[in-house]
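Engineer:
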Amino acid sequence: MSALNNSQSTKAAKTSAKSAKSIAILAVVLIAFSAVAVIQGATKIKLGLDLRGGTSVTLTPRASEGSKVTTEAIDQAVAIIRQRVNSLGVAESEVAAQGSGTNRQIVISVPGQTGEKIVQLVGQTAELRFRQVLVEGAPNATSASSDTKTATLPTGVTPELNAKYVALDCTKLENLQGGSTESPDVSVVSCDRAGTTKYILAPAQVVGSNVSKASAAIDQQGAAGWYVLLTFNGEGTSKFGALTTAVTGLAAPQNQVAIVLDGLVVSAPRINEAINGGSAQITGSFSQEDASNLANVLKYGALPLAFDQGEVLQVSPTLGADQLHAGLLAGLLGFLLVFLYSFMYYKGLGIVTVASLLIAAAIAYLSFLLLGEWIGFTLTLAGIAGAIVAVGITADSFVVFFERLRDEVRDGRSLRSAVESGWVKARHTIIVADTVSMIAAVLLYFFAVGGVRGFAFTLGLTTLIDLLVVFVFTHPLVALLARSSFFANGHKYSGFSAKSLGVVIKTDGLERLKG
8 MSALNNSQST KAAKTSAKSA KSIAILAVVL IAFSAVAVIQ GATKIKLGLD LRGGTSVTLT
68 PRASEGSKVT TEAIDQAVAI IRQRVNSLGV AESEVAAQGS GTNRQIVISV PGQTGEKIVQ
128 LVGQTAELRF RQVLVEGAPN ATSASSDTKT ATLPTGVTPE LNAKYVALDC TKLENLQGGS
188 TESPDVSVVS CDRAGTTKYI LAPAQVVGSN VSKASAAIDQ QGAAGWYVLL TFNGEGTSKF
248 GALTTAVTGL AAPQNQVAIV LDGLVVSAPR INEAINGGSA QITGSFSQED ASNLANVLKY
308 GALPLAFDQG EVLQVSPTLG ADQLHAGLLA GLLGFLLVFL YSFMYYKGLG IVTVASLLIA
368 AAIAYLSFLL LGEWIGFTLT LAGIAGAIVA VGITADSFVV FFERLRDEVR DGRSLRSAVE
428 SGWVKARHTI IVADTVSMIA AVLLYFFAVG GVRGFAFTLG LTTLIDLLVV FVFTHPLVAL
488 LARSSFFANG HKYSGFSAKS LGVVIKTDGL ERLKG
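As numbered in my numbering, residues 8 to 522 make up the sequence shown, in order.
1. Grab me the residues of Asn12's own chain with a C-beta within less than 8 Å of its C-beta, minus the 5 sequence neighbours each way, in chain order.
2. Assign Asn110 to one of two classes, buried (16 or more other C-beta atoms within 10 Å of its C-beta) or exposed (fewer than that).
3. Quick one: which unbroken beta strand (DSSP E) runs of 3-plus residues sit fully inside the region 266-338? Chain order, please.
4. To the nearest angstrom, how far is it from the Cα of Ile446 to the Cα of Gly393?
5. May I ask which residues mark the beginning and end of the alpha helix (DSSP H) holding Ile207?
6. If we ignore side chains and look at the alpha-carbon of each, how far apart do Ile358 and Leu347 end up?
7. Near Gly4, which residues of its chain fall below 7 Å by C-beta distance, leaving aside the five closest residues on each side in sequence?
8. Once you ignore the five residues that flank Lys432 on each side, which residues in its own chain have a CB closer than 7 Å to its CB?
9. Note down the Cα distance separating Leu475 from Asp82, rounded to an integer number of angstroms.
10. Can you give me the start and stop residues for the beta strand (DSSP E) that Pro260 sits inside?
11. Which same chain residues, not among the five before or five after Ala287, have their C-beta less than 6 Å away from its C-beta?
12. According to the neighbour-count rule (16 or more other Cβ atoms, all chains shown, within 10 Å of its Cβ), is His482 buried or exposed?
13. Based on the DSSP output, what are the partners of Ala486 in its beta bridges?
14. Using the rule of at least 16 other Cβ atoms within 10 Å of the residue's Cβ for burial, across every protein chain shown, is Tyr206 buried or exposed?
15. Identify whether Thr77 lies in helix, strand or coil by the three-state DSSP scheme.
16. Classify Ala455: buried if its beta carbon has 16 or more other beta carbons within 10 angstroms, exposed otherwise.
17. Verify whether the separation of the beta carbon atoms of Lys179 and Val196 is less than 7 Å.
18. Look at the Cβ atom of Ala486, then the Cβ atom of Ile395, and state whether they are nearer than 7 Å.
19. Considering only the beta carbon of each residue, do Ala209 and Arg136 sit closer than 7 Å?
20. Would you list the one or two residues that DSSP bridges to Val477?
21. Taking its Cβ as the centre, do 16 or more other Cβ atoms sit within 10 Å of Gln15, making it buried, or is it exposed?
22. Since Pro260 and Val140 are thought to touch, with beta carbons under 8 Å apart, how far apart are those beta carbons, to the nearest angstrom?
23. Count the other CB atoms within 10 Å of the CB of Leu66; is the residue buried (16 or more) or exposed (fewer)?
24. Confirm, please, whether the CB-CB distance from Ala298 to Val345 is below 7 Å.
25. Using a Cβ distance threshold of 8 Å, determine whether the region 367-374 contacts the region 422-430, with at least three qualifying pairs required.
26. Taking CB distances under 7 Å as the criterion, tell me whether Leu468 reaches chain C.
27. Quick check on Ser9: buried or exposed, where buried means 16 or more other Cβ atoms within 10 Å of its Cβ?
28. Does the region 277-287 come into contact with the region 311-320, if we say contact requires no fewer than three beta-carbon pairs (one atom in each stretch) closer than 8 Å?
29. Should Ala367 go down as buried or exposed, given a rule of 16 or more other Cβ atoms within 10 Å for buried?
30. Start and end of the beta strand (DSSP E) containing Val64?
31. Taking all protein chains shown into account, decide if Arg69 is buried (16 or more other Cβ within 10 angstroms of its Cβ) or exposed.
32. State the start and end residues of the unbroken alpha helix (DSSP H) segment that holds Gly241.
33. Ignore the nearest five residues each way along the sequence and tell me which others in Val449's own chain have a CB closer than 7 Å to its CB.
34. Over what stretch of residues does the beta strand (DSSP E) that includes Ile115 continue unbroken?
35. What residue from Leu377, Lys499, Phe478 and Tyr500 has the CA that sits closest to Ala39's CA?
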């Protein structure tokens, strides 16, 4: 009998040591991640459009030469624009098509960005063309001919092209908006972006689909400033080599190759020798931001449609702050109600609920901070709703464990023994319940759009946090508390008294509540 008691004492001591070690490790991890957050400067949670304000822009697709508005083209445009928006490094942005059929519009919502910048970056069709220059003149030139006496048109210029050239006035702002998606197979007239020069350009020999890479770079000598470096694929390398070979040695301006983006000439450098290396540069007095944005636009390909800018809405930061306060208030009320219920129903055992929820809240807060720094996660009102729902899921895990524990005590086990046997029975139920929540969160995240994804992400994250807290904190804490006389002896405020457990005994043939 003595040997059995010694064995039980040894086992209990090991259990207590294991529980204390688990809590200590969790504390060390929390401190370590807190230090990482401070070191990386992640001291504030990044907020989404609905909480900190931002911009929503509507783009309306329009048909142009060589393109038609189709459902497939709109879907392709949404995918490309989403990539461009993500290249800004802005999280929780939304790009979605609204409406039905070919009447759909594309709505872009980005936190903290100006509408003008968004439209400039994501609204460009990015139709890149390399065209030989046939004519270069003043912005309001009245003829393509350099010889006013004979009015002889340059090689490759037809009377129709000349008429278009004369009609185009590059001093007018409406002719400098770009957005043209003319076929690469025809000659065109165009202005440069500054409106200082107008051109007649030959059919394109190299197009944007021939570009495999695009990146921003700076001239280390400081002469050219920032520029965009293009790398061609195999077909593009061959075509660009043939184009530069053909114009080398021609008289100006036909020895120039114009780089045309969305119908406007970005630059038109003179070609002095054939370029067969498979790369080219776009220069044009770019700032670092301009060069980076242009590289990002070109990197992800051309939009299949041209777009007209529609409504631009600014979401007020003041409104976002009000929503944030309302969401935080709702979360606080949820916590308080869970606390009150726990203390009223479980009495002293409610300490475990409070401590566990506080630990879960701390882990969630650190997760939001670090994920905002690492992957650009931003918290939205829908995300706050997901976190509040998770409070109920976490509290449900405690209820399952506590009720199993009390059942074991009712069956006559000591509290220390009941903690382990009750945990074995409860953890399966907890895992199954949290798995169901995780499945729902994953499905919502991958099949929903907009704010629903934010809800799903925080729901899934906080569900994982629930599992972590229950396994490494709640169960070990209960195991440690079970060794104290306050709980082990069933104090009336412990939650394990006969009255709290509902244990009854029979006296004089009547059932009476014990305790």
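Note that beta-carbon positions come from the ideal geometry of N, C-alpha and C, so glycine has one too. Quantities reported herein were computed from a predicted structural model and do not represent experimental measurements.
Structural biologist: With the structure as the only source:
1. At Asn12 the pLDDT is 46, less than 50, meaning the model places this residue with poor confidence and gives no usable figure here.
2. Asn110 comes out exposed.
3. Scanning the region 266-338 from its first residue to its last, the whole beta strand (DSSP E) runs of 3-plus residues come out as 271-274, 286-293 and 313-322.
4. Ile446 and Gly393 have their C-alpha atoms some 14 Å from each other.
5. Where Ile207 is concerned, there is no enclosing alpha helix (DSSP H), although the beta strand (DSSP E) it sits in stretches over Lys205 to Val214.
6. Spanning the two alpha carbons is a distance of roughly 11 Å.
7. The chain is shown from 8 up to 522; residue 4 falls before or after that span and cannot be answered.
8. Taken in chain order, the residues that qualify are Arg411.
9. Distance between the alpha carbons of Leu475 and Asp82: 40 Å.
10. DSSP places Pro260 outside any beta strand (DSSP E), giving it a letter other than H or E.
11. So the list reads Leu237, once near-sequence residues are dropped.
12. His482 should be labelled buried.
13. Looking at the DSSP assignment, Ala486 forms no beta bridge with any residue, so it has no partner.
14. So Tyr206 counts as buried.
15. DSSP places Thr77 in coil when its eight states are reduced to three.
16. Ala455 should be labelled exposed.
17. Contact annotation: Lys179 and Val196 have beta-carbon atoms that are not nearer than 7 Å.
18. Contact: no.
19. No, the Cβ-Cβ distance between Ala209 and Arg136 is not below 7 Å.
20. Beta-bridge pairing links Val477 to no other residue.
21. Residue placement at Gln15 cannot be trusted, given a pLDDT of 47 that sits under 50; what the coordinates show is reported in the next sentence. Gln15 comes out exposed.
22. Their Cβ separation, rounded to whole angstroms, is 5 Å, which keeps Pro260 and Val140 in contact under 8 Å.
23. Leu66 is buried by the Cβ-count criterion.
24. Taking 7 Å as the Cβ cut-off, Val345 and Ala298 do not qualify as a contacting pair.
25. Fewer than three pairs of CB atoms, one per stretch, sit closer than 8 Å, so the region 367-374 makes no contact with the region 422-430.
26. Considering every chain present, this structure includes no chain C. It has just one protein chain.
27. For Ser9, the pLDDT reaches just 44, beneath the cut-off of 50, and the residue's location in the model is therefore unreliable, although a value from the coordinates is still provided. Its Cβ having fewer than 16 others within 10 Å, Ser9 is exposed.
28. Too few Cβ pairs lie closer than 8 Å, so no.
29. Looking at its Cβ environment, which holds 16 or more other Cβ atoms inside 10 Å, Ala367 is buried.
30. It spans Gly61 to Arg69 - the beta strand (DSSP E) in which Val64 sits, taken as one unbroken run.
31. Exposed: under 16 other Cβ atoms inside 10 Å.
32. In this chain, the alpha helix (DSSP H) harbouring Gly241 covers Gly241 to Val254.
33. Apart from the 5 residues on each side of it in sequence, Val449 sits with its Cβ closer than 7 Å to the Cβ of Gly467 in its chain, given in chain order.
34. From DSSP, the beta strand (DSSP E) with Ile115 extends over Gln112 to Pro118.
35. Answer by Cα proximity: Leu377.
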